[in-house]
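J.:
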Amino acid sequence: AQSVTQLGSHVSVSEGALVLLRCNYSSSVPPYLFWYVQYPNQGLQLLLKYTSAATLVKGINGFEAEFKKSETSFHLTKPSAHMSDAAEYFCAVTNPAVTGANNLFFGTGTRLTVIP
Amino acid sequence: DVKVTQSSRYLVKRTGEKVFLECVQDMDHENMFWYRQDPGLGLRLIYFSYDVKMKEKGDIPEGYSVSREKKERFSLILESASTNQTSMYLCASSSGAGPILSTNEKLFFGSGTQLSVL
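Chains A and B supply the protein sequences, listed in that same order.
Residue 1 is where the first sequence starts when you use the working numbering, and the numbers rise one by one after that.
Residue 1 is where the second sequence starts when you use the working numbering, and the numbers rise one by one after that.
1. Tell me which residues of the segment 35-48 of chain A have at least one Cβ-Cβ distance to chain B shorter than 9 Å, keeping chain order.
2. So residue 108(A) contacts chain B; which residues on that side make the cut at Cβ distance below 7 Å?
3. Apart from the five residues on each side of it in sequence, which residues of its chain come closer than 6 Å, Cβ to Cβ, to residue 21(B)?
4. Our contact map puts residue 46(A) next to residue 38(A) with C-beta atoms below 8 Å; I'd like the distance itself, whole angstroms only.
5. Which of the residues in the segment 48-59 of chain B, read from start to end, lie with their CB under 7 Å from any CB of chain A?
6. Which runs of the beta strand (DSSP E) spanning at least 3 residues fall entirely within the segment 53-113 of chain A, listed in chain order?
7. My assumption, with CB atoms under 8 Å, is that residue 18(B) sits in contact with residue 115(B). Please give the rounded CB distance.
8. Which residues in the same chain as residue 45(B) place their Cβ atom closer than 8 Å to its Cβ, once the five residues preceding and following it in sequence are excluded?
9. Please state if the CB of residue 78(A) and the CB of residue 4(A) are separated by a distance shorter than 8 Å.
10. Among 22(A), 84(A), 108(A) and 94(A), which one has its Cα closest to the Cα of residue 73(A)?
11. Relative to the C-alpha of residue 60(A), which residue among 52(A), 48(A) and 66(A) is closest?
Quick look at the structure:
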């Protein structure tokens, strides 16, 4: 079974500071991992995904995430926070090798607040 | 850009009512999904469909049914709404074919329907 754990339901950073949103996964087989962002009153948008290629994945809006198998982690980072980054962020995992499992398992979300 | 449209942004219904949530996508996607989003629980899959008239149960299908009569439309039905079904419902579609998520597959989400059951 797959699952993800997002540490910290709320994260606050100052504008210009490093953003670090944590995600740890549990999967018995090599997973696919995703980060989605949800801006207020909008649906989710894909930020980036890991599908067993390069372990450092670059996404939109300057975000990136690194797949670390030894730590079972897929933390999301951005070097310098912008006010427009304020949103809710979801980590998700799926197991592509399991038939019928076209199903993303989402974390509980982390709300990012950017302080001017 | 892919557009996934959910017919209502806000809905208020009474306990016991039959509720239809409609979702339409305009990119000829095979796969469509219904999730519900609850604080502290994240998103949970209710049902998905990978072809017309095909449906698969997700993690929390109880109390829900779905209909996929046309490729572009995926409806979520609450047969008899209950207060514990008050939630944000998100529809999504993807370009994958069949029940297995492919490496190039990407989910596109609608803006959500906030359903309140009184």
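For each residue, glycine too, the CB sits at the ideal point set by N, CA and C.
These figures come from a predicted structure and were not determined experimentally.
T.: From the atom records:
1. Answer in chain order: 36, 38, 41, 42, 43, 44, 45 and 46.
2. Under a criterion of Cβ atoms nearer than 7 Å, the residues of chain B adjacent to residue 108(A) are, in order, 40, 41 and 42.
3. Scanning its chain for C-beta atoms nearer than 6 Å, with the 5 sequence neighbours on each side dropped, one finds around residue 21(B) the residues 76, 89 and 113, in chain order.
4. For a cut-off of 8 Å, the C-beta gap from residue 46(A) to residue 38(A) is around 11 Å, too long to register as a contact.
5. Within the segment 48-59 of chain B, 48, 50, 56 and 58 place their CB atoms closer than 7 Å to a CB of chain A, listed in sequence order.
6. Runs found: 56-58, 64-68, 73-78 and 87-94.
7. Going by Cβ atoms, the distance from residue 18(B) to residue 115(B) rounds to 13 Å, so no, they are not a contact pair.
8. The residues are 33, 34, 35, 58, 59 and 60.
9. Taking 8 Å as the Cβ cut-off, residue 4(A) and residue 78(A) do not qualify as a contacting pair.
10. Residue nearest to residue 73(A) within the set 22(A), 84(A), 108(A) and 94(A) is 22(A) (criterion: CA-CA distance).
11. Distances from the CA of residue 60(A) to each of 52(A), 48(A) and 66(A) were compared; the closest alpha carbon is that of 48(A).
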